[in-house]
Every structure is written in structure tokens, then in C-alpha cells.
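Residue numbers (this note's numbering): 3 to 338.
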């Protein structure tokens, strides 16, 4: 059982949920890193692992309070609520800055991941032959994923369910960006932009007493896609948590070494100096998907031009990103 939380603890847990939600939506950034750095990764995994057959028996038997306590409901509800709020607030702010100040946003995230590598690795004193090999494996997989080319969009519901299972890995595996995986699968815009916007618009209309969306075939189809994606995410979240609980219990040092390597390898995904390559038709016209969004082929990375002042601003934001993580580390040590 976990100790009772104060109001301040609950507030900060909600803020951490906001940060996880924002991180999950940005390609290359993992919500799991937020959990790891925030010091609640193991509680998060173990709480999800409690969503099992016993929990469902308590729920179906009407023992709601017992169910709530068993699954560490206060922790999960505050965290998930923060993530949901983030998807309709902070994530939209991120979308705004990614569109207008993309280099600086990527620079800040690059710095935050550098800081998270330091944060996780500084107290890991268990390097040996096994953990070294595990770290190299994690590094290799992280680098390989960062250089894969995206697929085309696919709205098949079975595939959408599969996307949900895979994409939620970013919440449970630090360093593996679920949103970047969705880009590789070709469904990032459909599932994390169009679907979320459709839900937001629908909720806004409902608050006004407007039910016209029921006649909007395209909107209903998008909402159906979001529902299937959410179901797949829930299944993936619970399933992966059971696997990770076992690994953390029996192979903690090897698992941590893989995570360190994986996060290091993922730096290639958030390399700030990159150009987005879009798909074009034979006549050179920009190709779009069924929703009118430009289709991303890949990212072309390049070395920064040090004679441009914008480059030095980018380095400044890298330092800011590192400072944020170091600040969280300091806060975690001195808050009690």
C-alpha cells in the first residue's frame, strides 16, 4: 500500500500527468521518460499491473471502493486526468510552437532527453558484461528505429487497434516514442491530430446543445477510429505493464541498462537540425492523405550552421532542456 498523499502531492501528480500527455504527443519524446525522471515510473507500472482478473471481479461485484484501492485509483486517476487535460491544452500549445518555432522546440526536447540520460545513468552502478550488452542492444534498437521510413495512412480498424497497442509503449517504455511509432506506421496525423480534434469539436458542440455531428459521416467515422485506438491503447497499457512488472522484478538492472541505451539511441529522433521531407506526386505537387494533411516521408538531418544566430539560440534551448531535468532532480532530492 502506498502512503496517503497530501494536496500538494496530488497537485504535482496532476502536473506530471500534464507533462506525460504533452510528451506522448510529440514525436521522439517518451512519456515514460517523464515517469522515470519524475520518480513515479515503478508505481505507474505496478499500478497498471493491478488491473487484472481480481480487479475486474471486485468491479463486477460492485465493490467499487475495494477496486479503487486495489488498483491505486487515486494515483492513476490523477495521472490519467492530467494526460487528458494535456491533450486538449498543453499539446495544442506545443502544436502551435512546433509550427512556428520548430527548431527551438526540438532543441529543448533534445536537451531534456540528454538530461534524462544523465538522470537515469548517474546512480546506475551495475555495469558489467550482461548489462553492457543489454545497453548496446537498447542503443542499437533506438538508433535503428530513428532512421526507419514512415508508412502510408491506414484507417482499417484492426490496424488502428494494433496502433493503439504499439503507440502506448511510449508511456511504459522510457525512450520509445509512441507518437514517433505512429509516424512510422503512417497514422500519427489521423490518430493524434484529426481524431483528437474531432473529439474536441464534438464535445464543444455538445456543451452548446448542438447534436448536428450525428449527421456528419466523416466525424462519426473519425470518432469510431478514436474509440478503437483508445481501446487498443488500454489493452496495450495493461498488457505491457504486466510484462514490465516481471522484468523489473527479475531483471531490473538489465532492463534499466536497455532503457538507458534505448533513450540514448532515440536522440536521433529529436535531433533539432532536421528538415521534414514530404511526399510529392509525379508532377511535383505535395501529396495529401484523405483528410488533406501532407504525407511525411522522412526527416533529413543536417549539421547546424554556426554562423547563423538561430543556431546559438537552439543551443540555448538545449541547455534550458538540460536545466529543466537537473531542476527536477534537485527538486526530488530537496522537497522533503
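Cβ coordinates follow ideal geometry from the N, Cα and C atoms, glycine included.
C-beta contact flag for residue i and residue j at 8 angstroms
| i | j | result |
| --- | --- | --- |
| residue 265 | residue 118 | yes |
| residue 80 | residue 19 | yes |
| residue 51 | residue 243 | yes |
| residue 116 | residue 324 | yes |
| residue 26 | residue 180 | yes |
| residue 228 | residue 208 | no |
| residue 276 | residue 302 | yes |
| residue 84 | residue 16 | yes |
| residue 263 | residue 148 | no |
| residue 327 | residue 39 | yes |
| residue 68 | residue 78 | no |
| residue 221 | residue 233 | no |
| residue 156 | residue 189 | yes |
8 angstroms Cβ shell around residue i - same chain, five flanking residues per side excluded
| i | result |
| --- | --- |
| residue 239 | 50, 170, 173 and 174 |
| residue 8 | none |
Local conformation of residue i per DSSP, three classes
| i | result |
| --- | --- |
| residue 103 | coil |
| residue 278 | strand |
| residue 339 | Here the chain has residues from 3 to 338 only, and residue 339 is not among them. |
| residue 51 | helix |
| residue 67 | helix |
| residue 91 | coil |
| residue 221 | helix |
| residue 214 | helix |
| residue 108 | helix |
| residue 126 | coil |
Neighbourhood of residue i by C-beta distance below 6 angstroms, restricted to the same chain and skipping five residues each side
| i | result |
| --- | --- |
| residue 88 | 20, 23 and 24 |
| residue 136 | 256, 259 and 260 |
| residue 37 | 43 and 46 |
| residue 168 | 183 |
| residue 338 | Low confidence applies to residue 338: its pLDDT is 49, below 50, so where it sits in the model is not reliable, and the reading given next is rough at best. None. |
Spatial neighbours of residue i in its chain, beta-carbon cut-off 7 angstroms, leaving aside the 5 residues before and after
| i | result |
| --- | --- |
| residue 321 | 113 |
| residue 231 | 162, 165, 166, 193 and 197 |
Exercise. Could you give the uninterrupted runs of the alpha helix (DSSP H) lying entirely in the segment 15-45, keeping only those of 4 residues or more?
Worked result: You should have 33-39.
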